[in-house]
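Please read the structure below before turning to the comments.
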Amino acid sequence: MSEVNPRVADYPIDRQFLERWSPRAFTGEPVPENELRTMFEAARWAPSSSNLQPWRFLYARQGTPHFEKFLALLVDGNKVWAKNAGALVVLISKTTQPVSGTDKVAPSRTHSFDTGTAWGYLALEAMRLGWAAHAMAGFHVERTIVDLGIPEDYRPEAAIAIGRRDDKSILPEYLQAREEPNSRRPQRDFVSEGGFPPPDRRPEQF
Ligand SMILES: Cc1cc2nc3c(=O)[nH]c(=O)nc-3n(C[C@H](O)[C@H](O)[C@H](O)COP(=O)(O)O)c2cc1C
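This is the structure:
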């Protein structure tokens, strides 16, 4: 798809951060196994607390018997477009970690944080390879746990559709209007030197 990306950074950053976005119009072309592996490899090198690497990626490629099972986990509003993904991924994280010097485990405080970083790396690598990755919170968590056989000390974090972009005309009209890179709030709404901004100097959105 060639189009003008309207995103503008307020400070100089690498183009990849502006060029990654979450489209919904996909061609249905299956993602080749080796390219998926390259995306998971980027995720593999994410930092994590104590290098525990709590992320686990479960996946299904378009055209395999697994794909329909993964698609069925999504809410209808996501199924309508994600059915044309080249692969679907369910990203889960391990919620416990070993207590050093013992055979016990304790709750992890960072499993979701670490796993979010891994998702970000995957998304950037997918884009570099010419694919788009679109995260989804809209999936049935309990059904996902049962249907994918996820043990109790793992938390489903997100589903991810990965696909080759198609023209937005393939989408229902209400989604066509949203099929473009969106923008972001300015830094004053989420960055503060020295501590949380006091009420009299706090931007409304902080
Ligand atoms: C954890 C997470 C959950 C999301 N859930 C959905 C979803 O269920 N359906 C959807 O269409 N988009 C979903 N999105 C996409 C966001 O709406 C999108 O990332 C956000 O608007 C920023 O746009 P961009 O990714 O194009 O930069 C999700 C994104 C994230 C990171």
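Going by the numbering used here, the sequence shown opens with residue 34, and the numbers climb by one from there. Think of the CB as a built atom: it goes at the ideal place given N, C-alpha and C, for glycine as much as any other residue. All of these numbers come straight from a predicted model, not from anything done at the bench.
Once DSSP output is grouped into helix, strand and coil, what is the label at Ala159?
helix
Am I right that Ala168 and Ala191 are in contact with their C-beta atoms under 8 Å? What's the rounded C-beta distance?
Taking the Cβ atoms as the reference, Ala168 lies roughly 5 Å from Ala191, within the contact range of under 8 Å.
What does DSSP give as the partner residues of Trp88 in its beta bridges?
Ser126
Do Leu157 and Gln49 count as a contact pair if the criterion is CB distance below 8 Å?
yes
Cα-Cα, which of Leu124, Asn111, Asn67 and Ala118 is closest to Trp88?
Leu124
Quick test of your reading: Glu213 and Arg57, contact by CB under 8 Å. State the CB separation rounded to the nearest angstrom.
Glu213 to Arg57, Cβ: 11 Å. No contact.
From Asp75 to Asp233, what distance separates their C-alpha atoms?
Here residue 75 turns out to be Ala, not Asp, going by the sequence shown. The alpha-carbon atoms of Ala75 and Asp233 are separated by roughly 43 Å.
Please return the same chain residues whose Cβ sits closer than 7 Å to the Cβ of Phe100, not counting the five positions on each side in sequence.
Closer than 7 Å at the Cβ level, and outside the excluded window around Phe100, lie Ala93, Arg94 and Leu121.
Spatial distance of Arg188 from Asp43 (CA atoms)
36 Å
Put Ala115 into one of helix, strand or coil per three-state DSSP.
DSSP places Ala115 in helix when its eight states are reduced to three.
Simplified DSSP state of Ile183, which is helix, strand or coil:
coil
Please state whether DSSP places Gly149 in a helix, a strand or coil.
helix
Say yes only if the C-beta of Ser126 is nearer than 7 Å to one or more non-hydrogen atoms of ligand 1, and no if none qualify.
no
Val113 and Pro205 closer than 8 Å at C-beta:
yes
What residue does the alpha helix (DSSP H) around His167 start on, and which one ends it?
No alpha helix (DSSP H) contains His167, which is instead part of the beta strand (DSSP E) from Ala165 to Met169.
Would you say the beta carbon of Trp54 comes nearer than 7 Å to a heavy atom of ligand 1?
yes
Between Asn84 and ligand 2, is the CB less than 7 Å from at least one heavy atom?
For the structure depicted, ligand 2 is absent and the ligand set comprises only ligand 1.
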